[in-house]
Amino acid sequence: MRFLPTSIHGVIDYLWGLALFVSPWVLGYADVPATKWVAVIFGVGAILYSLFTAYELGVLRILPMSLHLILDGMAGALLAASPFLLGFSDRVFLPHLLFGLFSVVASLVTRMEMTLATGRREPV
């Protein structure tokens, strides 16, 4: 069931990207290079493709929302698996797992189209 409006998803995108970007320093795992760089790359990546998404908070609006949600789901799954795939799960895994699963869930519950002020949905 897709109930989350794209406007809310957009806010979440930028906050999620920023939170993931700063998480190594805020949560104290910046001393583990692989964990730090995975968080930084995924955080910056999410912000970048959000800037190009055709939704309310997109700047260039090139990327269709459907493709954005696919990227969110795939990136989230990869982020959640990264501690195990890259071999740092013995040091840090919970932040990557939780941020990743959040992204997967958000990709599954977000509407595919923007809602206009009139309440009608506009295809993206």
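Heads up: the sequence shown at position 122 corresponds to 123 in our numbering, and the numbers run straight through without jumps. We treat Cβ as the ideally placed atom computed from N, Cα and C, and that holds for glycine.
First through last residue of the alpha helix (DSSP H) which encompasses S108: 95–110
Can you give the Cα-Cα distance for F94 and G88, rounded to whole angstroms? 10 Å
Give the range of the alpha helix (DSSP H) segment to which G59 is assigned. Here G59 belongs to no alpha helix (DSSP H), and DSSP marks it neither H nor E.
Tell me which same chain residues have a C-beta within less than 6 Å of the C-beta of M113, skipping the five on either side of it? M66, S67
Helix, strand or coil for L64 per DSSP? strand
By alpha-carbon positions, which one of V45, V39, L64, V23 ends up nearest to L86? V39
Please go through the same chain and pick out, in chain order, the residues whose beta-carbon is closer than 8 Å to the beta-carbon of T119, but skip the five residues on each side of it. Model confidence at T119 stands at a pLDDT of 46, short of 50, so the residue's coordinates are unreliable and nothing is read from them.
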